[in-house]
Structure formats: structure tokens, C-alpha cells
Amino acid sequence: MRTGTWMVWDAEDNLIVQREFSDPFTYKQIIPEAPEDDPVELLNTPVYEIKYNDEGYIEPFHVTKEILVWAKRIWRYAEPENNDILFKYDYFFQFINKLALSEAIIVYSTVDDEFQTPLAPDEINISGTLKGFIIKEDAFFDRDRQLNETRILGICPLLVNDTGDTTKLYWVYFPELREFMAKEKLSDASLPEYIKTLDDLFFYRHFSATIIKESNVYDRFISEYAEDEYKEAERIEVSIIEAEHDFWLQLNGSCGEKSN
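So this is what it looks like as C-alpha cells:
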């Protein structure tokens with residue numbers, strides 16, 4: 040999670056941006072410092088604050104096409120390693136499956152990941168053991184907050200049967216799951232104090248998941264084209280961070296140069 044001091048230098052090693060983050064979305068901009076007497080484009084006060092709504096979860100910032108500067112769709116794979124809370128006794132799988140079978144939430148066919156074809160409870164074929172989850176996300180940079188956010192769109196449980204074959208069970212549209220996760224309290228000594236519910240855990244991204252695919256012309260998974268899948272996943276992770284820093288430089292560079 041992003042907190043503390045974040046700094047970005049330009050190609051000439053000039054410090055252009057310095058921000059003090061109190062949480063992933065709230066920060067005080069130290070450099071460049073905006074004039075107090077003139078209207079400026081620089082964001083020195085947050086336009087979004089973390090607040091819980093009446094359903095008990097943190098309301099997301101409203102993003103429109105007009106303020107969207109950059110976006111990338113990514114898919115991740117979450118496995119039991121480094122995800123003890125989610126996988127212990129199949130906790131998270133049992134949680135969403137109970138909601139699916141009781142029709143408290145709608146789950147969707149895995150023919151695609153567009154949440155187009157609902158499944159009835161009797162169409163859910165649980166044969167095998169839980170292997171992991173595929174997580175579909177959008178990473179984006181918006182002009183109003185001048186920062187990146189990665190937002191989960193959907194989650195798909197993966198099962199493995201006795202012969203070792205892996206199958207996708209169903210897709211859950213993540214926004215519809217949040218009100219239920221907000222009611223699911225967590226009490227674990229390993230968690231930071233600000234994570235009190237299952238929804239908090241996902242909002243603050245207190246889980247581990249590896250990129251397995253990014254939006255691309257050929258719609259290919261990393262495993263289909265990269266010799267070293269780990270290095271390719273790391274490259275994509277770094278490219279997302281660097282994209283944000285590049286936008287910081289573009290939006291703040293001219294003012295930063297004047298202050299030197």
C-alpha cells in the first residue's frame with residue numbers, strides 16, 4: 040500500500056515531485072509548491088477522501104472518460120502462498136460460494152469474462168479442490184487526483200480435479216460483492232489496524248497476486264509468449280508504476296523547473 044514519502048526525479052536528476060501520502064489516495068504535495076494567490080492546475084488538496092458509505096464499504100472515486108488519462112486492463116492469479124487469510128480453510132471461496140448458491144449474488148459463465156451469462160445455482164458444478172483465483176482489474180490514471188488506482192472488476196475461482204485438470208468455476212462481478220464483504224469482519228493479528236473487514240482487505244490490496252495477462256492486441260496470456268513468465272509479470276508491474284511517474288513529471292515538470 041502506498042503511504043509515506045514518494046519522490047520522482049527527471050532525466051537530469053532534478054527532484055520534480057514530492058508527495059506525502061497518508062493513505063493510497065490522500066496526499067500533501069510538497070514539490071512543486073503551488074502559489075497561494077493564483078489559480079493553478081496542480082493538485083495540492085485531495086479531491087477524494089476515504090469514507091465509508093451506508094453499506095459499510097469505502098465508496099470509490101467516480102471516474103469519467105473526461106478525466107481518464109491512461110488505462111490498462113490486467114488479469115492476476117492469486118494462489119495460497121502469501122494469502123493465508125483468503126485460503127485458510129478455503130475461507131474466501133466458501134464465502135462467495137455460499138452467496139452464489141443462495142442467489143444473494145449473481146455469478147456468471149466462464150465462457151468469457153464479460154459478466155454476460157448468469158448461472159443458476161444448479162449450474163454451478165463444484166468438482167475438485169480450490170487452486171486459486173483469477174482477478175480481473177483495471178489500472179488507470181485520472182487527471183483530477185493525479186494518481187494511479189487499480190480497481191478489481193471480477194474474481195473467478197479455479198478448481199483442480201483428481202486428474203490434475205484446472206477449470207474455471209464462475210465469474211463474480213466484484214462491485215456487487217462489496218456490500219457483503221463489508222459485513223464480514225476480520226480479526227487477525229497479522230492485519231494492519233485499518234483492515235477490519237473482508238472488503239477492507241481488498242480495497243487496501245492486502246493480498247498477493249501475480250499478473251498473468253495484460254490487455255494486448257493478440258489477447259494472449261503471458262504464458263503464451265514469454266520465456267520467463269515471472270520477469271514479464273515484473274516488467275508489466277514496473278511499467279504501471281512508471282506510467283504514473285511519467286504523468287507526474289508531465290503534469291508538474293514545468294512548475295518544478297521554475298522552482299529550482
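Residue numbers (the working numbering): 40 to 299.
We treat Cβ as the ideally placed atom computed from N, Cα and C, and that holds for glycine.
State the start and end residues of the unbroken alpha helix (DSSP H) segment that holds F179. Residue mapping note: residue 179 aligns to position 140 of the sequence shown, counting from 1. From DSSP, F179 is part of no alpha helix (DSSP H) but of the beta strand (DSSP E) over 168 to 181.
Quick one: measure Cβ to Cβ for A143 and F219, integer angstroms, because I've assumed they're closer than 8 angstroms. Taking the sequence shown and counting its residues from 1, one reaches residue 143 at position 104. Taking the sequence shown and counting its residues from 1, one reaches residue 219 at position 180. Indeed they touch by this definition, with Cβ atoms about 7 angstroms apart.
DSSP-derived helix/strand/coil call for E215: Walking along the sequence shown from the start, residue 215 turns up at place 176. The answer is helix: DSSP assigns E215 an H, G or I state.
Run through the DSSP bridge pairs and tell me what R190 is partnered with. In the sequence shown, the residue the question calls residue 190 occupies position 151. R190 is bridged to D177.
Checking 7 angstroms against the spacing of the C-beta atoms, do K20 and D152 come in under that value? Not covered by the structure: residue 20. The range shown for the chain is 40 to 299.
Just grab the DSSP bridge partners of K207 for me. Working through the sequence shown from its first residue, we reach residue 207 at position 168. Its beta-bridge partners are L197.
From I261 to K270, what does the alpha carbon distance come to, in whole angstroms? Indexing the sequence shown from 1 puts residue 261 at position 222. Indexing the sequence shown from 1 puts residue 270 at position 231. C-alpha separation (whole angstroms): 10 angstroms.
Cβ shell of L240 (< 6 angstroms), same chain only, five flanking positions each side left out: For the purposes of this step, residue 240 is identified with residue 201 of the sequence shown, where counting begins at 1. So the list reads I234, once near-sequence residues are dropped.
Would G43 be called buried (16 or more neighbouring beta carbons within 10 Å of its own) or exposed? To locate residue 43, count along the sequence shown from 1; it is residue 4. With fewer than 16 Cβ atoms within 10 Å of its Cβ, G43 is classed as exposed.
Could you check which residue in L197, R190, E215, E188 has the C-alpha nearest to that of I163? Here residue 163 is taken as the residue at index 124 of the sequence shown, counted from 1. When each option's Cα is compared against that of I163, the closest is L197.
Would T236 and E223 qualify as a contact pair, given that the criterion is a beta-carbon distance under 7 angstroms? Position 197 of the sequence shown, counted from the first residue, corresponds to residue 236. Position 184 of the sequence shown, counted from the first residue, corresponds to residue 223. Contact: yes.
I'd like the ranges of any beta strand (DSSP E) spanning at least 3 consecutive residues and lying wholly in the stretch 234 to 264. 249 to 253
Decide if Y128 is buried, meaning its Cβ has at least 16 other Cβ atoms within 10 Å, or exposed. Within the sequence shown, the letter at position 89 stands for residue 128. Counting Cβ neighbours within 10 Å, Y128 comes out exposed, since fewer than 16 surround it.
Using the C-alpha atoms, what's the distance from I70 back to E59? Taking the sequence shown and counting its residues from 1, one reaches residue 59 at position 20. Taking the sequence shown and counting its residues from 1, one reaches residue 70 at position 31. In a straight line, the C-alpha of E59 is about 10 angstroms away from that of I70.
Could you check which residue in K104, L169, T156, W109 has the C-alpha nearest to that of Y130? As a first step, residue 130 must be located in the sequence shown, where it is residue number 91. Selected option, being the one with the closest Cα: L169.
Rounded C-alpha distance that separates N92 from A265: Taking the sequence shown and counting its residues from 1, the one referred to as residue 92 is at position 53. Taking the sequence shown and counting its residues from 1, the one referred to as residue 265 is at position 226. The straight-line gap from Cα to Cα measures roughly 43 angstroms.
When P214, R274, D258 are compared against F242, the one with the closest alpha-carbon: As a working mapping, residue 242 is identified with position 203 in the sequence shown. If we check each option's Cα against that of F242, P214 comes out closest.
How big is the Cα-Cα spacing for L192 and K104? The residue given as residue 192 occupies position 153 in the sequence shown. The residue given as residue 104 occupies position 65 in the sequence shown. The straight-line gap from Cα to Cα measures roughly 17 angstroms.
Is DSSP giving V108 helix, strand or coil here? Here residue 108 corresponds to residue number 69 of the sequence shown, with the count starting at 1. In this structure, V108 counts as strand in the three-state DSSP scheme.
Does DSSP put P160 in a helix, in a strand, or in coil? On the sequence shown, residue 160 is found 121 positions in, with the first residue counted as 1. Helix at P160.
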